[in-house]
Each structure stands twice: as C-alpha cells, then as structure tokens.
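**Student:**
There are 2 protein chains.
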Amino acid sequence: MKERRRVTIRDVADAAGVSVATVSRVMSGSLTVNPEMAERVRRATQELEYRPNGAAQGLASGMHRSVGVVLPDLSNPYFHGIIKATNVGAARDGYRMLVTEWQEPGEELGVCLDVLSRVDGLMVLSARMETDSLRDLAARGVPTVLVNRVELGVDLPMVAVDNFSPMLELCQHLASLGHRRVVYLAGSPGAWQNRERWKAVQQARILGLEPVMVASDATIEAGYEATDEALGHDPTALIAFNDLAALGAIARLRELGLRTPEDVSVTGFDDVALARYADPALTTIVSPKAALGEQAWLMLEASLRGERPEQPPLLSATFVQRASTGPAKGSRA
Amino acid sequence: MKERRRVTIRDVADAAGVSVATVSRVMSGSLTVNPEMAERVRRATQELEYRPNGAAQGLASGMHRSVGVVLPDLSNPYFHGIIKATNVGAARDGYRMLVTEWQEPGEELGVCLDVLSRVDGLMVLSARMETDSLRDLAARGVPTVLVNRVELGVDLPMVAVDNFSPMLELCQHLASLGHRRVVYLAGSPGAWQNRERWKAVQQARILGLEPVMVASDATIEAGYEATDEALGHDPTALIAFNDLAALGAIARLRELGLRTPEDVSVTGFDDVALARYADPALTTIVSPKAALGEQAWLMLEASLRGERPEQPPLLSATFVQRASTGPAKGSRA
DNA sequence: GCCAATCCGGGAAACGGTTTCTCGCCGAGA
DNA sequence: TCTCGGCGAGAAACCGTTTCCCGGATTGGC
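The listed protein sequences derive, respectively, from chains E and X. Just so you know, the numbering used here puts 159 at position 159 of the first sequence, and the rest follows in order with no gaps. Take any residue in the second sequence, note its place counting from 1, add 333, and you have its number in the numbering used here.
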C-alpha cells in the first residue's frame with residue numbers, strides 16, 4: 001500500500017513546462033491562454049491523472065462549488081423526488097450536493113454553519129428548523145432557499161407548493177361522497193405545510209365537513225399509531241398529513257378489520273411512488289416534486305451568483321382520485 | 334446584506350492576546366497549554382463566534398473528518414437503514430458523512446476520486462461499481478469499505494449480509510407450502526447479492542422447486558413491469574429480488590385480478606419499513622440494516638486510523654413469514 | 001549556585017490552489 | 001522609427017489552518 005504523493009498543480013506545471021498560474025488558468029477554462037500551451041497542459045493533466053484538491057480550491061477561491069441540503073428525514077421518499085431534481089440541476093451547473101439529515105431542533109444553526117465552511121449555499125427542507133435560525137442565516141448573507149415553508153418574517157427566497165387549494169379540492173371530493181365526520185391526522189405542529197393543510201380542512205366546514213384534528217406525524221408508524229385515537233371520533237374518512245401516514249393508517253384499519261374505503265376512506269398527500277402501488281391505491285395530491293427541486297436549484301443558483309432570485313408563485317399540486325376513497329358509510333350518496 | 338468578513342483564527346488570537354498556534358492547540362484540545370490562556374482563548378472564540386474553516390483545516394492537516402458514501406439509489410429505503418446507523422457512528426467519532434447517489438457505471442471511479450479531495454474514506458454500497466475501479470481504489474490506498482458485496486480479487490475490507498442461507502430458508506418455506514413452479518425476479522445482473530440469492534433459489538431444486546429467472550430490478554416499477562413476463566411461466570410463487578420489486582409485483586397481480594397469496598405467493602428481501610404495512614404484509618427476509626451500517630462504520634474508522642480492520646463474518650438475516658405467502662394453488666398442501 | 005533537561009508558546013513554513021500584479025513582447029498608429 | 005496599447009505568461013501574495021522548530025523561562029539535580 002505505497003503512499004503515493006498526490007499529484008499537485010506544480011507537478012503538472014513542471015511536466016508541461018509552464019507556470020502554475022497557467023495551469024490554473026487552463027483548468028478554469030480561461031481563454032487568455034495560448035491554445036498550444038493549453039493543449040500541452042491538458043496532456044500533462046491527463047498523463048499525471050491530476051485532480052485539483054477541492055479543499056485548496058475552496059480555500060483559495062472562497063468557492064466550494066457545492067451546496068448543502070438539510071432535510072429532516074432521509075427515509076421519507078417525498079424528499080427524494082425533490083433532491084433528485086435539485087441534484088441534476090446542481091450537477092449541470094458544476095455543483096456538488098451534500099445532503100445532511102438533521103432532526104433535533106436546537107442545534108440546527110450550528111449544524112448549518114458548521115457545514116458552511118465547505119459549502120456555498122443552503123437549501124432548507126426542514127419544516128421544524130426554528131425561524132430565528134433562518135433569520136440568522138439571512139442576516140449573515142448566506143445564500144439560502146427555503147423549500148416548502150413560507151415564513152413571512154424571514155428575508156429569504158422560498159419556493160413552495162400550494163397546499164391549500166388542492167387540499168380543499170380533496171375535501172370537496174370527500175364531501176361529495178357524503179363524508180361529514182372526518183379526522184385530520186396532523187403532521188408536525190409547527191410546520192407551515194401542516195398549518196396550510198389543516199386550514200383547508202377547516203375551511204371545508206362550509207362544504208359540510210366536521211373535521212377533528214388528531215396528533216400524528218409524517219411517518220408510516222405515526223399514521224399507524226394515531227389511527228386508534230382517530231377512530232374514537234367515529235369518522236367516515238381519515239385525511240392524513242401525507243402518504244406515509246395514510247399508508248400506516250390503512251394498515252392499522254385493516255388490522256382492525258375495517259376496509260378501505262368501504263368502512264373508512266383514507267387520503268394522503270405528496271404522491272410518493274408507493275401511493276399508486278399500494279392497496280388500495282391512494283387517493284392523494286400529486287405534489288410537483290421534480291419541478292420543486294428544479295426551481296429550488298434555480299433560485300439557489302441565482303443566490304450564489306449574488307442575484308436576488310425572483311420570488312415565484314406557489315407551485316400547484318393536483319388532486320388525484322384513486323381507490324382509497326369511496327362513499328361515506330351510512331350516507332345515501 | 335452586509336458582507337461580514339469571516340472571523341479567522343488570527344482574530345481570535347489577537348483578541349486573546351496569544352499566537353495563532355496557541356489558538357489552534359486549544360481548539361484541538363492539546364493539553365500542553367496554560368489553562369488560564371486556554372480559558373482566554375475559549376472566551377474569545379465564543380465572543381467572536383469563531384468557526385474554523387473546514388477547507389483550510391483539511392488542507393493543512395490532510396484530514397477532512399468526513400467520509401463519502403456512494404450508493405446507487407437514494408430512493409431505496411433499504412439504504413436508509415444502513416446509512417442512518419453509519420451516520421450515528423460517524424457523528425459519534427466526529428466525522429461527517431457525505432452521501433453521493435451515483436448510478437451510471439463508467440464514471441464511478443472519477444466520481445469517487447473527485448469527492449476524495451474532501452473526504453478521508455469511502456463506503457461503497459453500489460453493487461454495480463466495476464471491480465476494476467475498486468481494485469484501483471485499493472491500490473491507491475484509499476480507506477474504503479465495501480458493503481454488501483464480496484469481491485474475491487479485491488483487497489478491501491468488506492461487510493455483508495448472508496444472502497444465501499435465509500433465501501434457502503425462504504425457498505424451503507415455499508416448498509413446504511407445495512410450490513414448485515416459481516419465478517425469481519432478478520436484481521441487477523452483476524450484483525453479488527443477486528448472484529447469491531439466485532444461487533440459493535437454484536439450490537432449492539433439491540427441495541422440489543423449479544425456478545425460472547426473469548430479468549427485473551430493485552425497484553417497484555421494475556417489479557411491476559416484470560410480472561407479466563413472470564406470469565408467462567405460470568408460477569405459483571414469485572420470489573422478488575427485494576421488497577420493492579415484490580410490492581410492485583403484488584400491485585400488478587392485483588391489477589390483473591390475481592390475489593396474493595391465494596393465486597400467487599410473493600416474497601421480498603430486506604424488510605423495509607413498508608413491508609410490514611403493505612397489504613398483504615410481505616413475507617420477506619429481515620436484513621440487519623442497523624448492524625450492517627454500524628459495522629461498516631467501525632471498519633471504515635479502523636481503516637482511517639491506518640489499521641487493517643478484521644474481516645467480520647457474514648451478518649445473518651432472518652426469514653420472516655407474513656401474509657404474502659400461502660399454499661400453492663392447486664397443491665394438496 | 002550553576003548547568004542541563006523540560007516545558008510552553010510564538011514564529012514561520014507548509015498545504016495546494018487562485019488571483020493580482022507586473023513585465024516583456026508584439027503589432028499598430030503617428 | 002518610435003511610442004503606446006494590449007495581451008499573454010510568470011512571480012508572488014494570499015486563503016486559514018496545522019505543525020515543526022526554536023528560544024526563553026522554569027525547574028531540578030548535583
């Protein structure tokens with residue numbers, strides 16, 4: 001296991017018979033260099049298998065050509081759809097994406113700042129991250145974009161999906177099936193998305209719904225566990241915060257001998273890959289994950305260039321009816 | 334958005350009235366420094382909110398205190414279980430974990446090497462990464478551990494789960510239910526895990542099984558799509574490469590009006606969170622994800638310290654019967 | 001009481017690049 | 001022919017840390 005010394009820019013310069021400055025210029029694609037020389041340099045680069053040291057580049061230039069993504073839960077497939085799109089955008093523009101799962105509130109800012117010495121900007125998908133921390137980030141001038149949370153008091157570009165309208169549409173669907181007593185399986189209490197969805201559900205009183213909120217979370221397990229309490233309110237439909245919770249709820253209902261949707265209808269939100277393949281296929285809301293991730297990257301990239309990205313409107317999500325909703329039990333619908 | 338200059342170690346040194354060398358020593362917890370001085374330094378650090386520049390540290394020390402994880406598919410929840418455990422291990426030991434999704438064969442080595450200027454070691458979860466690339470990594474002396482692939486010609490520490498035994502057990506279970514004509518929905522052709530599982534299935538001829546292999550992949554969609562071809566062999570059971578493929582297959586069967594397990598039994602592998610909550614709950618193999626991730630970290634950490642990690646035995650996985658398997662249709666079992 | 005051994009902290013040289021500054025050269029205009 | 005301008009390439013400064021080396025002070029032994 002011989003400890004081969006790393007090939008440095010100086011080695012390339014020597015091999016090509018030029019100065020290190022010239023090699024640097026060639027590497028960065030500067031046009032102010034003699035083509036013949038550039039060719040010599042490129043050849044030397046190849047032969048020596050030279051790879052610039054990222055740390056050194058970052059130190060010298062102050063740019064790391066990478067961005068950090070902080071999200072609350074790696075195992076939620078919803079986020080994959082988003083960061084996948086972000087990743088292709090970043091790669092296209094020569095950036096690397098570092099994903100950090102972060103869950104505990106409290107140390108969030110530390111984590112972000114910590115990662116910041118290796119990163120040029122941040123994409124925050126964490127619903128729970130404290131507003132003060134975000135404000136701090138904004139005050140420090142860290143290029144940051146907020147995804148799926150709208151914070152009025154924070155001067156940061158944000159991009160989010162419209163939660164309210166499609167959720168209202170979903171409620172209308174339920175109402176038209178004769179549902180009245182419905183339970184909303186809540187997501188994270190402080191989260192913007194949770195507030196929006198609950199707001200829509202409450203709004204749906206006007207359609208005849210009588211919604212009750214039951215604490216839960218954005219995971220299968222949470223949905224599973226919240227179901228028993230939800231059933232205490234004798235609902236004909238469960239409106240879960242997201243698809244995972246809906247899947248968990250359906251599993252619990254089945255365990256209890258209740259059929260979906262014959263006995264209880266269940267809805268999700270997000271449209272993760274599984275939603276379509278589950279049994280019953282989930283009635284849910286198709287969130288434009290790819291568009292969201294792409295848009296988030298575009299805005300982050302603008303921030304990195306020092307531009308102030310234009311604030312886009314809410315992205316629209318569409319309601320889709322599948323098999324997990326049906327006529328309310330006992331209604332004449 | 335005032336461009337506050339970053340506070341450097343020199344600022345701290347000035348504020349505390351000591352040299353930068355001393356500040357560096359205090360930061361690294363060296364004991365050879367006067368406690369009173371150390372206290373002054375610490376206070377200055379606090380007041381100025383000093384955060385060491387990671388890039389500079391990496392450059393100067395040659396250590397980045399971070400490791401790269403390269404995996405083929407972020408959206409496969411199986412990997413979450415693994416890297417979650419790795420992450421807590423890494424965090425405990427003061428390391429950061431960078432996840433890189435990488436799919437296309439060919440450029441793999443480049444990607445790894447590229448990330449290597451910011452990382453001290455690598456954890457490879459990609460089944461498809463070419464053996465030559467791995468050999469190259471080993472030759473360069475890059476601390477690397479291979480997860481879930483056993484490569485005889487590569488001098489690299491590896492940790493993997495026993496695929497063969499539990500898969501054989503699973504086959505035995507099917508055989509005892511009277512199944513004979515079974516189709517194996519294959520994973521990635523070159524993958525070690527795929528070879529092992531298929532080997533076990535073939536071995537099960539001795540139990541009376543008559544297995545056929547059908548090309549598929551480790552995703553829901555692939556399982557869904559391979560099902561039609563699989564049915565061409567008129568099987569009584571489908572042995573999917575993993576849980577996701579199994580879920581996809583079940584969805585397709587349902588679409589075709591076939592019930593699981595009454596008409597066709599289906600099995601998975603991995604035991605992702607969903608397996609238990611699916612309908613029917615998946616008969617599968619519980620892979621020790623947390624133990625695998627933890628063990629992988631331990632080995633990587635040893636490699637980073639320059640030690641040669643002891644090669645552990647295969648981790649054992651356990652067969653678990655749930656509701657997706659039943660007596661073979663038309664058998665008298 | 002003197003000299004050597006020890007210890008602690010500061011200065012300065014890396015680390016591997018980027019970027020600015022400067023200088024030489026060449027062509028064009030007067 | 002002389003000068004000025006522009007351009008291309010090299011020298012050197014710099015990015016923020018770590019670490020080696022060395023000097024000064026303190027301590028201990030004889």
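For each residue, glycine too, the CB sits at the ideal point set by N, CA and C.
Could you check where the alpha helix (DSSP H) with residue 500/X kicks off and where it finishes?
**Tutor:** From DSSP, the alpha helix (DSSP H) with residue 500/X extends over 497-509.
**Student:** Could you tell me whether the Cβ atoms of residue 483/X and residue 458/X are closer together than 8 Å?
**Tutor:** No; because the gap between Cβ atoms is not below 8 Å, this pair is not in contact.
**Student:** Taking residue 257/E as the reference, which of 240/E, 231/E, 268/E and 278/E has the closest Cα?
**Tutor:** Per the Cα distances, 231/E.
**Student:** For residue 556/X, collect the residues of the same chain with a Cβ closer than 7 Å to its Cβ; drop the 5 residues on either side in sequence, then sort them by chain order.
**Tutor:** 518, 549, 573, 577, 578, 579, 580, 581 and 582, listed in sequence order.
**Student:** Just reading off the beta strand (DSSP E) that residue 412/X is part of, what are its end residues?
**Tutor:** Counting along the chain, residue 412/X falls outside any beta strand (DSSP E), though it belongs to the alpha helix (DSSP H) covering 410-425.
**Student:** Output, in sequence order along the chain, the residues in the stretch 576-610 of chain X whose CB is closer than 7 Å to any CB in chain E.
**Tutor:** Correct list: 580, 581, 584, 587, 606, 607 and 610.
**Student:** I'd like to confirm the pairing. Which residues does DSSP put opposite residue 603/X in its beta bridges?
**Tutor:** Answer by DSSP bridge pairing, in chain order: 619/X.
**Student:** So, is residue 367/X buried or exposed, given that buried needs 16 or more other C-beta atoms within 10 angstroms?
**Tutor:** Label assigned to residue 367/X: exposed.
**Student:** Helix, strand or coil, according to DSSP, for residue 95/E in the structure here?
**Tutor:** Three-state DSSP puts residue 95/E in coil, outside helix and strand.
**Student:** Hey, is the stretch 343-352 of chain X in contact with the stretch 296-310 of chain E, meaning 3+ C-beta pairs nearer than 8 Å?
**Tutor:** They do not touch, by the three-pair rule.
**Student:** Indicate the three-state DSSP secondary structure (helix, strand or coil) for residue 484/X in the structure shown.
**Tutor:** Three-state DSSP puts residue 484/X in coil, outside helix and strand.
**Student:** Rounded to whole angstroms, what is the Cα-Cα separation between residue 372/X and residue 358/X?
**Tutor:** C-alpha separation (whole angstroms): 12 Å.
**Student:** Measuring only the C-alpha atoms, how far is residue 180/E from residue 328/E?
**Tutor:** The alpha-carbon atoms of residue 180/E and residue 328/E are separated by roughly 8 Å.
**Student:** Is it buried or exposed for residue 32/E, if we count other Cβ within 10 angstroms and need 16 for buried?
**Tutor:** Residue 32/E is exposed by the Cβ-count criterion.
**Student:** Can you pull the chain E neighbours of residue 392/X, defined as C-beta to C-beta under 8 Å?
**Tutor:** Under the 8 Å cutoff, chain E gives 53, 55, 56 and 59.
**Student:** Could you pull out every unbroken beta strand (DSSP E) segment of at least 3 residues lying fully inside the stretch 617-656 of chain X, listed in chain order?
**Tutor:** DSSP runs (the beta strand (DSSP E)) wholly in the stretch 617-656 of chain X: 617-619 and 651-653.
**Student:** Give me, in chain order, the residues of the same chain whose beta-carbon lies closer than 6 Å to that of residue 470/X; leave out the 5 immediate sequence neighbours on both sides.
**Tutor:** Taken in chain order, the residues that qualify are 477.
**Student:** Among the candidates 175/E, 196/E, 118/E and 234/E, whose CA atom is the shortest distance from the CA of residue 384/X?
**Tutor:** Nearest option by C-alpha distance: 118/E.
**Student:** Is the CB of residue 432/X under 8 Å away from at least one CB in chain E?
**Tutor:** Residue 432/X counts as touching chain E.
**Student:** Identify which residue in 268/E, 276/E, 235/E and 270/E has its Cα closest to the Cα of residue 262/E.
**Tutor:** The shortest Cα separation from residue 262/E among 268/E, 276/E, 235/E and 270/E belongs to 235/E.
**Student:** Would you mind stating whether residue 259/E and residue 283/E have Cβ atoms separated by less than 8 Å?
**Tutor:** Taking 8 Å as the Cβ cut-off, residue 259/E and residue 283/E do not qualify as a contacting pair.
**Student:** Counting only beta-carbon separations shorter than 8 Å, does residue 561/X have a partner in chain E?
**Tutor:** Closer than 8 Å: no.
**Student:** Secondary structure at residue 68/E, three-state DSSP: helix, strand or coil?
**Tutor:** Residue 68/E falls in the strand class under three-state DSSP.
**Student:** Assign residue 370/X to one of three DSSP states: helix, strand, or coil.
**Tutor:** Helix, per DSSP.
**Student:** Leaving out the 5 sequence neighbours to the left and right, which residues in its chain are closer than 6 Å to residue 559/X when beta-carbon positions are compared?
**Tutor:** So the qualifying residues of the chain are 518, 547 and 549.
**Student:** Starting from the beta carbon of residue 612/X, find every residue of chain E whose beta carbon is closer than 8 Å, and list them in chain order.
**Tutor:** Ordered by position in chain E, the residues that pass the 8 Å Cβ test against residue 612/X are 250, 251, 254, 278 and 279.
**Student:** Roughly how many angstroms separate the alpha carbons of residue 188/E and residue 370/X, rounded to a whole number?
**Tutor:** Their backbone Cα atoms lie some 46 Å apart in a straight line.
**Student:** Compute the beta-carbon to beta-carbon distance between residue 289/E and residue 95/E, rounded to the nearest angstrom, for a pair I have assumed lies under 8 Å.
**Tutor:** 20 Å between Cβ atoms; not a contact.
**Student:** Which parts of the stretch 190-227 of chain E are runs of the beta strand (DSSP E), unbroken and 3 residues or longer, counting only runs that do not cross its ends?
**Tutor:** The stretch 190-227 of chain E contains these whole beta strand (DSSP E) runs: 210-214.
**Student:** Kindly give me the distance between the Cβ atoms of residue 494/X and residue 625/X, rounded to whole angstroms, as I take these residues to be in contact under 8 Å.
**Tutor:** Correct: roughly 6 Å between the Cβ atoms.
**Student:** Taking all protein chains shown into account, decide if residue 539/X is buried (16 or more other Cβ within 10 angstroms of its Cβ) or exposed.
**Tutor:** Exposed: under 16 other Cβ atoms inside 10 Å.
**Student:** Since residue 240/E is in the beta strand (DSSP E), which residue starts that stretch and which ends it?
**Tutor:** Note, residue 240/E: beta strand (DSSP E), 237-240.
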